[in-house]
Each structure stands twice: as structure tokens, then as C-alpha cells.
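Below: the structure, in C-alpha cells.
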Amino acid sequence: MLLRGRRGVHWLFAAFSLEVALWWGSQSLFGLFQATIWARATAVLTVLLPQFAVHLFQSIVPLDSDAERPSTLTKFATAVGIPVLVLELSPYHETPFALGLTYFYVFGLIAAALVSLALRGRKSPSRAVRDRVNFLVAVGAAATTFTLADFLSFLGVYLPPIGAVLSIVFLFVLAESLARPRLADLYEMAGRLLVATALAFALAGIFYVFVTYIGRFNTMYLNAVLAAIVFLVLFEPLQNEVETRMHQFFFRERYDLETSIDELKRRLSHVLEIDEMAETVLAGLESSHRVTSCAIYLRDQDGNGFDMIGSVGDEPVMRLETLSVRPLLDRLQATVSLSLEEIAREQKDSPLLTVASATLGPHKNSVLLAVKGDEGEIVGVICIADERMRDAFTPEEIALLETVASQIGVAIANSRIYSRMKERDRLAALGAMAAGLAHEVKNPLGAIKGAAQLLEESEEGASAPGASDSREFVGIILEEVDRLNRVVASFLDYARPHAGNPIPLDINAAVRRTMQILTSQKAESLEFRMELTEPLPRAKIDAEQFRQVLINVIQNGAQAMDGRGRITVSTARRTRRRPWPSRQESERPAVSERSLTNEVEMVEVSVRDTGPGISQKVLKHIFVPFFTTKEQGTGLGLAISQSIVQNAGGIIDVQTQAGAGTTFTILLPAATDTLRTPLGTPTPTNLLTSS
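Just so it is clear: in the sequence shown, position 83 is 277 by this note's numbering, and no numbers are missing.
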């Protein structure tokens with residue numbers, strides 16, 4: 195103990211343990227030599243034993259008042275100890291009165307010291323200290339009780355010296371708890387120690403029964419074999435039962451948390467939806483009665499931030515921006531978990547606390563857990579707090595919570611795979627249905643249109659009254675047939691998408707060509723601008739399909755502005771982290787060294803308008819097939835655009851702000867094995883500008 199530290203509590207423990215050793219040693223020497231000097235030494239050591247115990251137990255959990263004056267119990271122990279010591283050194287030390295007084299003096303003071311230790315532990319604001327003190331008091335009470343039984347030998351009652359064994363156990367646990375700042379670090383060690391002690395007594399009891407009641411001394415070897423067989427048969431169930439009971443009794447909160455987390459992980463293994471996963475985690479943590487506040491954040495597709503998907507307790511921050519919480523993410527990337535309360539206790543001026551206070555709101559003192567994806571990147575963050583106490587979660591309990599975060603990462607990966615499977619099945623069903631739809635709808639449409647055209651030709655030569663109305667009705671029929679034909683064609687394009695002819699496409703050239711086509715058709719009050727980055731990597735995508743996507747997005751913006759406003763098309767180079775490989779990369783038999791990293795070079799095409807923006811209600815369904823806000827729209831333009839971009843291994847996203855316009859962003863993987871866009875005459879940003 196002195197090698198571990200030289201504080202007052204270490205010196206007191208060294209003195210107490212030495213006192214216990216000398217006390218048992220003097221009794222052994224008296225039993226061997228029956229000398230009076232060893233009897234007197236035992237008596238003196240007996241009187242000093244509770245004095246060391248009182249001072250040691252008082253120093254384990256010092257109070258503020260202890261630094262000013264000795265406690266009442268310490269002064270009382272000193273006042274009582276002096277006359278008892280005088281009595282033991284007097285000729286009357288063997289009288290029944292002296293023995294009884296010494297008996298009650300020793301165990302009365304030790305019991306008072308344990309009670310005082312328990313009361314001091316309850317006053318501590320730290321749950322870890324309270325747990326440590328409760329455990330020490332329980333083990334100390336057991337050791338004191340059985341040692342009390344050993345003292346009955348002074349009254350002529352002889353029992354097996356179990357107190358000696360438990361005293362050694364108590365000293366060992368006391369030493370470890372003083373050497374470690376938190377008793378929770380001893381959870382496994384203490385549990386195994388108690389289980390081993392209980393099993394040792396069980397083995398001794400079995401052996402005692404066989405030797406005493408079944409066989410005699412000359413058959414002791416056979417008795418030992420029989421006892422060993424019985425013990426080996428009972429060992430595993432007895433060990434499990436004793437270990438469970440010990441943990442339930444001494445570590446009730448930890449046991450309940452372990453049980454809740456085991457049940458939570460079992461439920462998470464069957465979850466395939468993100469929303470269901472969040473509900474399951476929150477319900478499981480809440481049922482443990484150890485969490486008063488929790489928030490779960492998942493990273494968005496662009497990696498610019500983390501959106502809150504579920505919470506309990508205090509109202510959390512709805513979104514965490516990646517740049518704002520970057521220091522916390524860097525620490526979580528290396529450590530998986532981060533206790534902000536522990537950092538505040540050890541480093542009050544830590545920059546992490548400043549970041550947490552500015553970004554996490556009510557969870558600034560919580561425990562942060564990192565949810566990692568398949569490639570080790572952080573895809574989510576969990577904030578867990580218990581405001582009822584300080585040091586709410588011990589390191590071992592945080593390690594248990596880390597297993598939950600790991601299970602959540604698996605659940606997220608499974609949900610993404612499940613979503614892609616559902617999308618693939620849906621498209622397969624739509625493709626099968628589209629074949630029948632083409633046969634059942636397009637053929638009648640052709641017949642209807644042909645008949646309507648014949649009626650139109652016949653009505654052109656008629657001059658009877660009402661002929662103009664008939665021609666108008668025929669025109670409506672032809673117009674609606676053409677519109678229905680476009681709907682069917684668009685549906686077929688969406689249900690049975692094809693990759694086209696993907697080539698390393700010069701994106702800037704494709705944008706210029708598309709803008710030239712649209713410029714000839716635009717209204718006079720509509721302004722087009724281009725902001726193109728040179729040089730720009732090529733992207734592997736079918737040229738016609740890319741033009742179709744760009745036209746769909748630009749026309750949507752123009753229609754949203756009623757033909758009045760400005761549309762800006764820009765290109766840029768981007769580097770993006772992806773949580774899973776793209777479809778193109780997953781189908782390649784061999785990938786380049788760069789594609790094996792998280793950083794992937796992308797080509798970005800942005801279409802920004804100055805329209806009124808998109809409401810949140812509409813934004814949720816903007817890529818859903820057949821969802822439209824236009825009277826003549828099919829609701830398939832953006833759905834087809836999304837399908838084309840995703841088939842090329844890219845992403846299409848939209849950001850909008852009420853009154854400030856909408857920006858559609860298309861990210862396409864760069865074809866890094868091709869030549870880049872050659873440098874030429876820079877294109878002015880307002881090349882196609884007109885007012």
C-alpha cells in the first residue's frame with residue numbers, strides 16, 4: 195500500500211493491516227508457547243485494533259469539518275481506549291468483567307466506525323463513492339461478525355475461525371478500493387472474490403461432511419475424491435447462482451443496467467427500420483431507470499451535420515453541425531465514448547467543454563457515444579445523461595453503453611441494406627407491371643387518338659351549326675391522349691430504368707449545351723447564369739440522361755418562379771466521405787487504391803433559383819413518384835432524375851429556404867481514370883444572361 199501512495203489514508207491502512215497481522219500472530223504464538231508475554235501482547239493489540247479502525251474509516255471519506263477538528267467518534271474512542279488499556283495491563287485482565295468489557299469495547303467501536311463510514315458515504319454527492327462505501331461496510335460487517343464469533347473463545351465457546359478468512363478478504367478489498375478512485379473498477383474483481391470465497395466455504399463444508407460423517411481418517415483419500423466429484427458436479431450451477439446473488443445484492447443498479455442493456459441488444463438485433471431502432475433504444479434506456487435524458491443523432495447524407503431522430507427527457511438541440519462539433523467528433527473517433535462530466539471535473543478549462551456548452555444545449559454534461567459505420571466513420575452520436583446525481587455512469591457502465599452504440603451501428607447498416615432491398619423489389623414489381631400497362635393502355639390510346647384524328651378531319655369540312663364545338667371537344671381528346679401517353683412513357687422510364695451509355699462525360703460541356711437549348715425557349719423575364727469551375731474531372735454517366743436530369747431540375751425552378759427570376763447553374767469539385775461503397779464500386783472486380791479510402795472525389799452540379807422556396811410538407815415527398823403540385827404534372831420528373839443519378843452512383847439533394855429560393859445539388863463520382871476537362875477560354879459567369 196505504501197508503494198502506491200504516501201497519503202494519510204495509506205499510512206493508516208498500513209498501520210491497521212500491520213495491527214491485524216500482529217494480533218493474529220500474537221494469538222498463534224500464545225497457542226504455541228503458552229507464555230504470559232504473548233497473552234499480554236494480544237490484549238494490548240486487542241485494545242489498539244478498534245483505535246486504528248476508527249481513524250482509518252474516518253479518513254476513507256473525509257468531510258469538510260475533519261480538516262478543522264477530530265470527529266466526535268475519534269475523541270470518544272481515545273477517551274474509552276485509555277482506561278480499557280489500563281485494565282488489560284492490570285492484574286485483573288483475566289476476570290470475566292475485564293474480558294466482557296474488552297469484548298464490547300472492541301466490537302462496539304468497530305461497529306460504530308462502520309456506521310460512521312456508511313453515514314459519511316451517504317453524504318457524498320458522488321454515486322461511485324457511495325457504492326464503494328456501501329460495499330466496504332457490507333464486507334467489513336461480515337468480517338466483524340465472524341471475528342466476533344472467534345472472540346467467543348474467551349468465554350469458553352469455540353467455533354471454526356471463519357473470521358480470520360473474512361478479515362483477510364476485507365483487507366484485500368479495502369486495499370484495492372483505496373488504490374482505485376472508483377469502486378466500480380472492482381466490479382468483476384469483487385464479484386469473483388466473493389464467489390471464490392463462497393465456493394471455498396462450500397468445498398470445505400462438503401469435505402468436512404465426508405471426513406466427519408461418512409469415512410474415517412484411514413479413508414481420507416477416498417473421501418477427498420468423493421468430495422471433489424461432488425464439488426465438480428455442483429461447481430458451475432453453484433457459481434452462477436452465487437455470482438448472480440452477489441451482484442444483485444452488492445451492485446443492484448449495475449445488475450439492472452446490465453439486464454436492461456442485454457434485453458435492448460436482443461431487441462435491436464431484430465430491428466430493420468431507423469425509426470423503430472430509435473424508439474427501441476430510447477425505450478430500453480428509459481426502462482433501465484438510469485437515464486433521465488437521451489438524444490440520438492444520425493448523420494445526414496451530405497455529412498454536413500447530424501439530425502436528431504429521437505429523444506427523451508430534456509428538449510435537445512435538433513441538429514448538430516459537423517463543423518461546430520468537430521473537436522468532439524475527433525475525440526469520439528479515437529475513444530468511442532466521452533464523459534463530459536468527468537472532463538469538467540478533471541479539466542475545467544478544456545476546449546471540449548466550451549464546444550459542448552455552445553452546441554449540445556441541455557446535454558453539455560452528458561456522456562457522448564459514437565455510432566460507427568462499417569468503415570469506422572461516425573454515422574451517429576448519442577447523448578445520455580442522468581441529472582439526478584454526479585458521476586452517474588462509471589467507466590464500466592459506459593463500456594456497457596458502448597456495446598449499445600455498436601449494436602446501433604449494426605442496426606443502421608442493416609436498415610440501409612433492407613431499404614435498398616425494398617427499393618429493388620419495388621422497382622422489379624413496377625417493371626413487371628409496366629409491361630402489362632404498356633400493352634393494356636398504349637394500344638387503346640393509339641386507337642382513341644386515331645379515331646379522334648379522323649373525327650377532326652371530318653369536322654374540318656363540316657359547316658353545320660355546332661361544328662366548332664365538336665372540333666374543340668376533339669382537340670381536348672387529342673390533348674389529353676397526348677398527356678396520358680406522356681404519363682405512361684414516363685412511368686415506363688421510371689419503372690424500368692436503364693444505365694444508357696455511361697461514358698466519362700465532360701460535365702461543363704454538357705451544362706453549356708443544355709443551357710443553350712433552354713435559352714432559346716425561355717421567357718424574357720427569366721435569367722440564366724453559369725458558374726463553371728475549370729478544370730473539372732469527368733463523371734461517368736450517360737450524356738442524354740444527364741441532360742434529362744438537368745432539364746427537369748431547371749424547368750421545375752422556372753415553373754416555381756412563374757418564369758420570373760434567376761436560375762444559376764454551377765459546377766465544382768468536391769471530396770466526400772461515404773458510409774458505404776457506391777453501386778459502381780461494389781460491382782467492380784477490382785478497385786483502385788483511392789476508392790478503398792473514405793475520401794471520394796466527386797463532381798458537383800448545383801441549380802439555384804430565386805423562387806419562393808419549398809414548404810417542409812412538400813419537401814418530404816419531392817422525390818416520391820406521382821407526387822406533384824402542378825395541375826398538368828405527372829409527378830415523375832424528379833423521381834426519374836433521382837433514379838438516373840443513383841444508377842450512376844451519385845446523389846441528388848435539395849436545400850430550400852422560404853423566400854430565398856431552392857438549390858438542387860447533384861453529386862456524381864468522378865471518373866478519375868480519364869482525362870480532366872481541358873483548360874480553355876474561361877466561360878464568363880453571365881455568358882447566357884439576359885434580362
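Think of the CB as a built atom: it goes at the ideal place given N, C-alpha and C, for glycine as much as any other residue. Owing to the predicted nature of the structure, the values given are computational and were not obtained by experimental measurement.
Look at P244 here: in three-state DSSP terms it is helix. Contact between V203 and L372 holds, since their C-beta atoms are separated by about 6 Å, short of 8 Å. For D619, the number of other beta carbons within 10 angstroms of its own is below 16, and it is reported as exposed. With a threshold of 16 other beta carbon atoms within 10 Å, G294 falls short and is exposed. Taking C-beta separations shorter than 7 Å and ignoring five residues to either side along the sequence, the partners of G334 in its chain run L308, F364, following chain order. For Q753 against K824, the beta-carbon gap comes to about 7 Å, under 8 Å, which counts as contact. If you draw a straight line from the Cα of L639 to the Cα of Q647, it is about 12 Å long. Just so you know, the alpha carbons of L368 and A337 end up roughly 12 Å apart. Taking 8 Å as the upper bound for CB-CB distance, A599 and A623 are not in contact here, some 36 Å apart. By the Cβ test, the region 592–611 is in contact with the region 455–472, since at least three Cβ pairs between them sit closer than 8 Å. Residue range 561–566 is occupied by the beta strand (DSSP E) that includes V561. Three or more beta-carbon pairs separated by less than 8 Å link the region 522–533 to the region 570–582, which places the two stretches in contact. Rounded to whole angstroms, the separation of the alpha carbons of H815 and F821 is 7 Å. With respect to the C-alpha of G644, the residue from K616, V675, A292 having the closest C-alpha is V675.
S487 and G507 do touch by the CB rule: their CB atoms are close to 3 Å apart, below 8 Å. Inclusion of E793 and P731 in the CB contact set at 9 Å is not warranted, their separation being larger than that value. Close CB contacts of L861 within its chain, under the 6 Å cut and outside five residues either way in sequence, are with M796, E798, G844, I845 (chain order).
Of the candidates Y299, M724, R614, V255, Y299 places its Cα closest to the Cα of F270.
Straight-line measurement puts the Cα of D496 at about 25 Å from the Cα of I697. Counting other Cβ atoms within 10 Å of its Cβ, A733 reaches 16 or more and is therefore classed as buried. Between the beta-carbon of V248 and that of L226 there is about 31 Å, and that puts the pair past the 8 Å contact cut. Taking C-beta separations shorter than 8 Å and ignoring five residues to either side along the sequence, the partners of E596 in its chain run V530, S531, L563, following chain order. DSSP, read as helix, strand or coil, puts Q849 in strand. Of the candidates Q527, P729, V274, V327, Q527 places its Cα closest to the Cα of G570. Residue pairing of G357 in beta bridges, as defined by DSSP: absent, with no partner found. For the 9 Å CB-CB criterion, A229 and T296 do not form a contact. Under the three-state reduction of DSSP, F500 is assigned to strand.
Rounded to the nearest angstrom, the gap between the Cα atoms of S481 and E457 is 10 Å. Rounded to whole angstroms, G805 and L546 show a C-alpha spacing of 41 Å. Taking the C-beta atoms as reference points, T474 is found no nearer than 9 Å to V511. Annotation: the continuous beta strand (DSSP E) that includes V794 extends over 793–803. C-alpha of I761 to C-alpha of M724: approximately 9 Å in a straight line.
In this structure, the beta-carbon distance from E470 to Y612 does not fall below 9 Å.
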